[in-house]
Amino acid sequence: MFNEINNRDLKKVIDIIIENFKENEEKINVLNVFPVPAGDTGTNMLLTLKAIREELLKLKNFSVKSVLEKASFGALMGARGNSGVIFSQILKGFFDIILKSDSLNLDVIKEALKSSKDLAYDSVQDPTEGTMLTTMKDICKLVENLVNNTDKIKLAELLDRIISETEKSVERTTFLLPILKKAGVVDAGAQGILDILIGAKKALIEINSIEGSLERNVSKAGSVSPISGSSKNNKSRSNSLGRESKAYVPQAESKRLKEVKMSYEIKYTYCTEFMIRGSRIDIERLRERIESFGDSAMVVGNENLVKIHVHTNHPHKVLRRALREGTLHDIQINNMEDQRKEAAGEAEPVEEKMEERRALIAVANGDGLEGIFKSIGVDIIVSGGQSMNPSTYDIVKAINSTEAVEVIIFPNNKNIILTANQAKKIVRNKSVYIVPTKNIPAGISAILGYNPDSGMEENKYNMEEAAQKTRNGEITQAVRDANLMVGKIKKGEYIGLSDGKVRVISNNVVDAIIDLVRDIASSTEEVITFYTGKDAIPEDNEIIKIKLKKYFPKMDIEMHKGGQPLYPYIFSIE
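Start counting the sequence shown at 979; every next residue gets the next number (my numbering).
Written out as structure tokens, the structure is:
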């Protein structure tokens, strides 16, 4: 197989594909009948292509391995909506097989397309025919038949046949999916695949890499790469390149399309998308859980990086579950009811997005905790916590450092709530809201209950309710002797607190945790999440897991580095 790709040719190829797709972006957007943020299929697929280009431009080594891996990574990271995520899996499936192969021939192409199709279908919660999935299946079937009935074919002819079959497949989607038939349109994602293929052939013609042939088995003499063909006199031009696809929706159908969009029933309101960075993520287990929160769920990636897309009525529950696997990034939560109105031209004009007008401020101490709060959407961290309460000035300074007109503060400590309220009184020209979170787990739960698309009153209610429902525990050491209802406490002993009350006493940190969890947990709860302090010992973490499993065999136990001082362990139970 070819070992290296020409830098200039690579840039030219991706630029031509993007430019061709950009010309058709709005036409593809119009096709969408589903009133969801993922509904701008053309835009989502274009952004995914651009993300691939951004990654490729970072390359210094242009080996095939580097190029394909970068392209696959860029597609995953930049994937937007259902169409973008599925497209990223199509690319990953194809590239995975190419990377394993010693040469590029018809059999490899057939296997790569099958891999694309399988990975795309596997990524979707409930695969639906009449979509881009069906189009990939049709392309696979075509190439399989070609491979079974021919020993050699020119690359130009192969692409022509694939493009021709794709166009037929796109047109058939109208009759495979009732809602498309009702609207009189084709599937937007399938149309996007067609335009990408057309752009790819234009690009290969431009760089003079279209005249080679592909053979069966491992014959290297006739095998060429789509990037490194040798012909310089390209007279071959696909018929599909010189015409606009017939599959686009006619203007006359726009009224019917609008009616279909408005009649579509939205079962789950929020389109929720984000990335997880972690280690040893069990994707199958995570996918199972995410799918239980709604529909259109897609969980793809690897054990270190996962892309999630789901339609749900409870985005905070999705984020809370995902947070157990690592840090969250690029969080997007969109109200699909608003998207429906916008798609039908009935949305009320909005001068600026809600999330641009608000800022979230949280009080925390510890690198790990600060990272967690940042990953779930906090804009500013005020350093502080137990025995290190920030001053009124510190909070006022944080409020004034943002240009947002609305600010939400999460004190995360009962001793900081009063200070936060004092800062609120001092600040001018901003609306400041205090969510009275008394501990770190309550703060995390409250923020996960925040929705940038909702009004402030609704958000405040949801966040306070989420904080109040959080069951939590903290382990620290007594700084002096005391005699409380729970018993006599000696300085230096470990004490376990829940909701500010001392519940257990022990001379051993592990025993203090086990006793506290047993005291406040019930058999119905599923997950306990620990945030380990800077004084926590890694060996203790494993002992804690083993001992807790004896009492709660069905409970999932997660450990995250918090880095907080004084409290070796803080945890939440849900």
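Just so you know, even glycine gets a beta-carbon here, dropped at the ideal spot from N, CA and C.
- Ranking Pro1368, Val1341 and Gln1364 by CA distance to the CA of Asp1357 puts Val1341 first.
- Arg1150 is classed as buried because its beta carbon has at least 16 other beta carbons within 10 Å across all chains shown.
- Taking the Cβ atoms as the reference, Tyr1428 lies roughly 7 Å from Leu1338, within the contact range of under 8 Å.
- In this structure Thr1112 touches Ser1147 by the C-beta definition: roughly 7 Å separates them, less than 8 Å.
- Ser1369 carries a coil assignment under DSSP once its states are collapsed to helix, strand and coil.
- The shortest CA-to-CA distance from Ile1521 to any of Lys1532, Gln1542 and Ile1492 is the one to Ile1492.
- Between Ser1093 and Gly1062, the C-beta gap is not smaller than 7 Å, which leaves the two residues out of contact.
- Leaving aside the five residues that flank Leu1024 on each side, the residues in its chain whose CB is nearer than 8 Å to its CB run, in chain order, Ile996, Phe999, Lys1000 and Glu1003.
- If you draw a 10 Å sphere on the C-beta of Val1457, you find fewer than 16 other C-beta atoms in it, and that means exposed.
- Counting only runs of 4 or more residues that sit fully inside the region 1127-1175, the alpha helix (DSSP H) segments are 1133-1154 and 1156-1161, in chain order.
- Measuring C-alpha to C-alpha distances from Asp1074 to each of Gln1103, Glu1348, Ser1050 and Ile1524 identifies Ser1050 as the nearest.
- The three-state reading of DSSP puts Arg1406 in coil, since its state is none of H, G, I, E or B.
- Less than 7 Å separates the beta-carbon of Asn1083 from that of Glu1193.
- Spatial neighbours of Asp1308 in its own chain (CB-CB distance under 7 Å, excluding positions within 5 residues in sequence) are listed in chain order as Phe1252 and Met1253.
- In this structure, Arg1255 lies near Leu1283, with their beta-carbon atoms less than 7 Å apart.
- Nearest to Glu1135 by C-alpha distance, out of Lys1468, Leu1182 and Pro1156, is Leu1182.
- Annotated as proximal: Val1374 and Ile1404, with beta-carbon spacing under 7 Å.
- Bounds of the alpha helix (DSSP H) holding Gly1346 are Asp1345 to Ser1353.
- In this chain, Leu1037 is not harboured by any beta strand (DSSP E), its DSSP state being neither H nor E.
- Here Asn1291 is exposed. Its C-beta has fewer than 16 other C-beta atoms within 10 Å.
- Non-local C-beta neighbours of Lys1295 in its own chain, meaning closer than 7 Å and more than five positions away in sequence, comprise Phe1271, ordered along the chain.
- For the set Leu1120, Leu1175, Leu1264 and Ile1064, the Cα lying nearest the Cα of Thr1019 is the one of Ile1064.
- In terms of CA proximity to Leu1120, Ile1140 leads the group Ile1157, Tyr1411, Ile1140 and Arg1299.
- A distance below 6 Å between beta-carbons, with the five flanking residues on each side excluded, links His1538 to the following residues of its chain, in chain order: Tyr1509.
- In this structure Ser1066 touches Thr1026 by the C-beta definition: roughly 6 Å separates them, less than 8 Å.
- Apart from sequence neighbours up to five positions away, the residues of its chain that approach Lys1468 with a beta-carbon distance below 6 Å are Asp1459, ordered along the chain.
- In this structure, Ser1476 keeps its C-beta atom at 7 Å or more from the C-beta atom of Thr1507.
- In this structure, Gly1465 sits near Ile1483, with a CB-CB distance shorter than 7 Å.
- Distance from the CA atom of Ser1044 to the CA atom of Lys1028, rounded to whole angstroms, is 18 Å.
- For the pair Phe1040 and Ile1076, the CB atoms are not nearer than the 7 Å cut-off.
- Val1383 is positioned such that its CB atom lies no closer than 7 Å to that of Ile1377.
- Rounded to whole angstroms, the Cβ separation of Ile1261 and Leu1306 is 16 Å, and the two are not in contact under 8 Å.
- A buried status is given to Asp1173, since no fewer than 16 other beta-carbon atoms sit within 10 Å of its beta-carbon.
- Comparing C-alpha distances from Ser1142 to each of Gln1400, Asp1116, Ala1499 and Phe1351 shows the shortest one belongs to Asp1116.
- The three-state reading of DSSP puts Arg1255 in strand, counting E and B together.
- Looking at the backbone, the Cα of Val1278 and that of Leu1133 are separated by about 31 Å.
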